[in-house]
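Below: one structure, written as structure tokens.
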Amino acid sequence: MRVPIFTPKRQYRLLKEEIDRAIFSVLESGIFILGENVVSFEKEVAQYLGTKFAIGVASGTSALLISLKVFNLTKEDFVITSPFTFFATAEEIINAGATPLFVDIDENDFNISPERVEEALRKHKNKVKVLLPIHLFGKCANMDDLIFLKEKYNVNIVEDAAQIIGGSCKVKGEYRKGGSIGDLGAFSFFPTKNLGAYGDGGLIVTSNPDYYDSAN
Numbered sequence: 583m584r585v586p587i588f589t590p591k592r593q594y595r596l597l598k599e600e601i602d603r604a605i606f607s608v609l610e611s612g613i614f615i616l617g618e619n620v621v622s623f624e625k626e627v628a629q630y631l632g633t634k635f636a637i638g639v640a641s642g643t644s645a646l647l648i649s650l651k652v653f654n655l656t657k658e659d660f661v662i663t664s665p666f667t668f669f670a671t672a673e674e675i676i677n678a679g680a681t682p683l684f685v686d687i688d689e690n691d692f693n694i695s696p697e698r699v700e701e702a703l704r705k706h707k708n709k710v711k712v713l714l715p716i717h718l719f720g721k722c723a724n725m726d727d728l729i730f731l732k733e734k735y736n737v738n739i740v741e742d743a744a745q746i747i748g749g750s751c752k753v754k755g756e757y758r759k760g761g762s763i764g765d766l767g768a769f770s771f772f773p774t775k776n777l778g779a780y781g782d783g784g785l786i787v788t789s790n791p792d793y794y795d796s797a798n
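If you read the sequence shown in our numbering, its first letter stands for residue 583, the second for the next number, and so on.
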């Protein structure tokens, strides 16, 4: 017996009427790129996450690249991230013009270790421009500590939020949605993600109007 790693068939059967209606309405409109549905989705997700802005993009990979390019990085600039991730995280650091600087994970939750991040910041504090934590398996990285480090060392944070939509964590005593905590958050709607599309898609969120304008 072969068991597929992933199949959307059960979900489709449960929601067939609603999904078919949504797909056929797009086909009938003839508007396949952007359009009212994308604008509506951006507004609803921004409201759900508690951010001021959201931008729909082609994929989670595109969301990472555009978010990083906001900061006009160069090869001499370091972006601290974890090697325990999909390769696109490091790939898009390089494509954005910067250099990835890997630090180890916390063995208790498999997310990036704030202690290792601070060690890297102390060693390379003048070269590190961005922290890029990955929220794995629906659990936020330790954003409380990472926000403290952001403010202490004056660096930016781009969250790889491909696996966190719907997840929350406490930051400065208040619960915040994953992806909405740093300067920008990059979401993926690849079919196997927490919120998967019928195809591919991504989203950038931020509450900074300058970052929004630059990413847009």
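Ideal Cβ positions, reconstructed from N, Cα and C, are used throughout, including at glycine.
Can you tell me where the alpha helix (DSSP H) holding residue i begins and where it ends?
i, result
"Ser641", "No alpha helix (DSSP H) holds Ser641; DSSP gives it neither H nor E."
"Lys625", "618-631"
"Val710", "No alpha helix (DSSP H) contains Val710, which is instead part of the beta strand (DSSP E) from 710-714."
Please determine, among the options, the residue with the shortest C-alpha to C-alpha distance to residue i.
i, options, result
"Gly783", "Glu689, Gly642, Asn690", "Gly642"
"Asn619", "Phe719, Gln629, Ser607", "Ser607"
"Gly632", "Met725, Gly767, Phe588, Asp691", "Gly767"
"Val652", "Ala678, Lys721, Phe668", "Ala678"
"His706", "Asp688, Pro682, Asn690", "Pro682"
"Gly749", "Ala636, Lys721, Glu700, Tyr735", "Lys721"
Are the beta-carbon atoms of residue i and residue j separated by less than 9 Å?
i, j, result
"Lys711", "Val737", "yes"
"Val627", "Val740", "no"
"Ala672", "Thr663", "yes"
"Ile716", "Asp742", "yes"
"Phe660", "Ala680", "yes"
"Lys754", "Asp726", "yes"
"Glu658", "Lys709", "yes"
"Ser789", "Phe614", "no"
In this structure, does DSSP put residue i in helix, strand or coil?
i, result
"Glu756", "strand"
"Glu658", "coil"
"Ser750", "strand"
"Ile694", "strand"
"Ala636", "strand"
"Ile687", "strand"
"Pro586", "coil"
Quick one: is residue i buried, meaning 16 or more other Cβ sit within 10 Å of its Cβ, or exposed?
i, result
"Met583", "exposed"
"Gly617", "exposed"
"Pro791", "exposed"
"Thr656", "exposed"
"Pro696", "buried"
"Gln629", "exposed"
"Tyr780", "exposed"
"Glu733", "exposed"
"Asn798", "exposed"
Along the chain, where does the beta strand (DSSP E) containing residue i start, and where does it finish?
i, result
"Phe615", "What sits at residue 615 in the sequence shown is Ile, not Phe. Note, Ile615: premise wrong, no beta strand (DSSP E); not H, not E."
"Ser770", "766-770"
"Asp742", "738-742"
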